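What follows is a set of notes on a single structure, which appears directly below.
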Amino acid sequence: MNAYWQCFSGIVLREWLRFVLQRTRFLSALVRPLLWLLVFAAGFRAALGIAIIEPYDTYIPYEVYIIPGLACMILLFNGMQGSLSMVYDREMGSMRVLLTSPLPRTFLLCSKLLATSLISLLQVYAFLAIAWLYGVQPPAMGLLLALPALLLVALMLSALGLLLSNAIRQLENFAGVMNFVIFPLFFLSSALYPLWKMRDSSEWLYWLCALNPFTHAVELVRFALYERFNPVALAVCVGLTLVFALLAVLTFNPQHAALRKTN
Numbered sequence: 001m002n003a004y005w006q007c008f009s010g011i012v013l014r015e016w017l018r019f020v021l022q023r024t025r026f027l028s029a030l031v032r033p034l035l036w037l038l039v040f041a042a043g044f045r046a047a048l049g050i051a052i053i054e055p056y057d058t059y060i061p062y063e064v065y066i067i068p069g070l071a072c073m074i075l076l077f078n079g080m081q082g083s084l085s086m087v088y089d090r091e092m093g094s095m096r097v098l099l100t101s102p103l104p105r106t107f108l109l110c111s112k113l114l115a116t117s118l119i120s121l122l123q124v125y126a127f128l129a130i131a132w133l134y135g136v137q138p139p140a141m142g143l144l145l146a147l148p149a150l151l152l153v154a155l156m157l158s159a160l161g162l163l164l165s166n167a168i169r170q171l172e173n174f175a176g177v178m179n180f181v182i183f184p185l186f187f188l189s190s191a192l193y194p195l196w197k198m199r200d201s202s203e204w205l206y207w208l209c210a211l212n213p214f215t216h217a218v219e220l221v222r223f224a225l226y227e228r229f230n231p232v233a234l235a236v237c238v239g240l241t242l243v244f245a246l247l248a249v250l251t252f253n254p255q256h257a258a259l260r261k262t263n
C-alpha cells in the first residue's frame, strides 16, 4: 500500500510542478470563461432572458445561468490539455519510463487522470471566486456540494482526453483532432443556452444537445451548485467515466511514438 501511495503522490507532485512552472496555462484557462462572463454575457443578457427552470427558483440573469457551463469549460479544455501532455510524454518516452514501474498500468494511468483532475479543480474554484466578486454568488453550501460533481466531470473529461490521445500518433495532429472534439461538445450543450431554447429553434438540434455527454456534465454541476440532485446526469457521468477510463487503459500504447520514429 505504501508503494501505491508513493507512486500516486509522485505523479500528483509532477503534475503540480508542471502546472506551477506553466503559469500561462493557468491564465489561459481563466481567460476563456472570463471572456464569456464579462463580455459576451453582457451582450446576450437582453436577448436571452432565462425563464424559471430547474434548479433555479426564480428568474435569473444570463450570467448566473452560464457559470456552471463555464466551470465545465475549464474542465473540458484542461482534460484535452492533459491529453496533449500525454502525447508529449509518449513522444519524449517519459510514459514508457513510468510504465516500467511494477505497479499495474491501470493504477498508473488512473493516477495521472486523478492528478490532472485535481489541478483542474484549483482552476475552477479560482474562476468561481472571481465570479463571486463579480456578483454571481451561488449558495456557499452549493460550492462545497459541487466539489464531488466537479471532480467526477473532471475525471470523465480527462478520461475522454486520454482515450483520444491514444489515437493521436503525432503532436502535429493534436490541434485538429481536439478542435473537432472540443467545440461540438461545448456548443452543442446546455452550457450557454437552455435546452428549451434549443428546442424552440430546432428539434434535431435539441436532441443533439440532450444526448451530448457534456450537457449532463454541466447539469450535474449546475444542480449541485444550487443544492439539488440530478440522478440522470449523475448516472450518465459515472457510466461514461468508467467506459472512457476502461477504453483508455485498454487502448493505451506507449510504443506509438517509438514505432513512428523507426518508420
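Residue numbers for the sequence shown, in the UniProt record's numbering: 1 to 263. For every residue, glycine included, the Cβ atom is placed at its ideal position computed from N, Cα and C. Keep in mind that this is a model prediction, so the values were computed, not measured.
(request) Give the secondary structure of Asn263 by DSSP, where H, G and I count as helix, E and B as strand, and everything else as coil. (result) As a working mapping, residue 263 is identified with position 263 in the sequence shown. Summary for Asn263: the model assigns pLDDT 47, below 50, so the residue's position carries little reliability, and this model does not support an answer.
(request) Excluding the 5 residues preceding and the 5 following Val249 in the sequence, name in chain order all residues of the same chain whose CB lies nearer than 8 Å to its CB. (result) The sequence position of residue 249 within the sequence shown is 249, counting from 1. Excluding sequence neighbours, Val249 sits near Arg105, Thr106, Leu109, Cys110.
(message) Quick check: what's the CA-CA separation for Leu157 versus Leu114?
(response) Within the sequence shown, the letter at position 157 stands for residue 157. Within the sequence shown, the letter at position 114 stands for residue 114. When rounded, the distance between both Cα atoms is 11 Å.
(message) Please classify Thr116 as buried or exposed, where buried requires at least 16 other C-beta atoms within 10 Å of its C-beta.
(response) For the purposes of this step, residue 116 is identified with residue 116 of the sequence shown, where counting begins at 1. With a 10 Å radius around the Cβ and a threshold of 16 neighbouring Cβ atoms, Thr116 comes out buried.
(request) On a CA-only basis, which of Phe77, Phe186, Phe244, Phe214 is nearest Val232? Give me that one, please. (result) Here residue 232 refers to the residue found at position 232 when the sequence shown is read from its first residue. It is Phe214 whose Cα lies nearest to the Cα of Val232.
(request) Flag this pair as yes or no: are the beta carbons of Pro33 and Leu70 separated by less than 7 Å? (result) Here residue 33 corresponds to residue number 33 of the sequence shown, with the count starting at 1. Here residue 70 corresponds to residue number 70 of the sequence shown, with the count starting at 1. In this structure, the beta-carbon distance from Pro33 to Leu70 falls below 7 Å.
(message) The alpha helix (DSSP H) that contains residue 307, what's its start and end?
(response) Absent from the model: residue 307. The displayed extent of the chain is 1 to 263, so no value can be given.
(request) Out of Phe127, Asp200, Ala159, Tyr226, state which residue places its alpha-carbon closest to the alpha-carbon of Leu35. (result) In the sequence shown, counting from the first residue as 1, residue 35 sits at position 35. Between Leu35 and the set Phe127, Asp200, Ala159, Tyr226, the nearest pair of CA atoms involves Phe127.
(request) Determine the closest residue to Leu122 out of Asp200, Thr58, Leu143, with distance taken between C-alpha atoms. (result) Within the sequence shown, the letter at position 122 stands for residue 122. Answer by Cα proximity: Leu143.
(request) Return helix, strand or coil for Ile168, following the three-state DSSP convention. (result) Locating residue 168 in the sequence shown gives position 168, counting from the first residue. Coil, per DSSP.
(message) With a threshold of 8 Å on Cβ separation, who are the neighbours of Ser9 within its own chain once the five nearest residues in sequence on each side are excluded?
(response) Taking the first residue of the sequence shown as position 1, residue 9 is located at position 9. Non-local beta-carbon contacts of Ser9 in its own chain, meaning distances under 8 Å to residues more than five positions away in sequence, are absent.
(message) Using a 10 Å radius around the Cβ and a threshold of 16 neighbouring Cβ atoms, would you call Val39 buried or exposed?
(response) For the purposes of this step, residue 39 is taken as residue 39 along the sequence shown, with counting starting at 1. Exposed, by the Cβ-count rule.
(request) Could you tell me whether the stretch 176-187 touches the stretch 196-214, where touching means 3 or more Cβ pairs closer than 8 Å? (result) A contact exists between the stretch 176-187 and the stretch 196-214.
(message) Let's test the definition: count the other Cβ atoms within 10 Å of the Cβ of Gln6 and tell me whether it reaches 16, buried, or not, exposed.
(response) As a first step, residue 6 must be located in the sequence shown, where it is residue number 6. Exposed, because fewer than 16 other Cβ atoms sit within 10 Å of the Cβ of Gln6.
(message) Please list the terminal residues of the continuous alpha helix (DSSP H) segment that includes Ile53.
(response) Sequence index remark: in the sequence shown, residue 53 carries index 53 (1-based). Run containing Ile53: none; DSSP gives neither H nor E here.
(request) With distances taken Cα to Cα, identify the nearest neighbour of Val153 among Tyr62, Thr58, Ile53, Cys72. (result) Counted from its first residue, the sequence shown places residue 153 at position 153. That would be Cys72, whose Cα lies nearest to the Cα of Val153.
(request) Check whether the Cβ atoms of Leu160 and Phe244 sit closer than 7 Å, and answer yes or no. (result) Working through the sequence shown from its first residue, we reach residue 160 at position 160. Working through the sequence shown from its first residue, we reach residue 244 at position 244. Contact flag set, yes.
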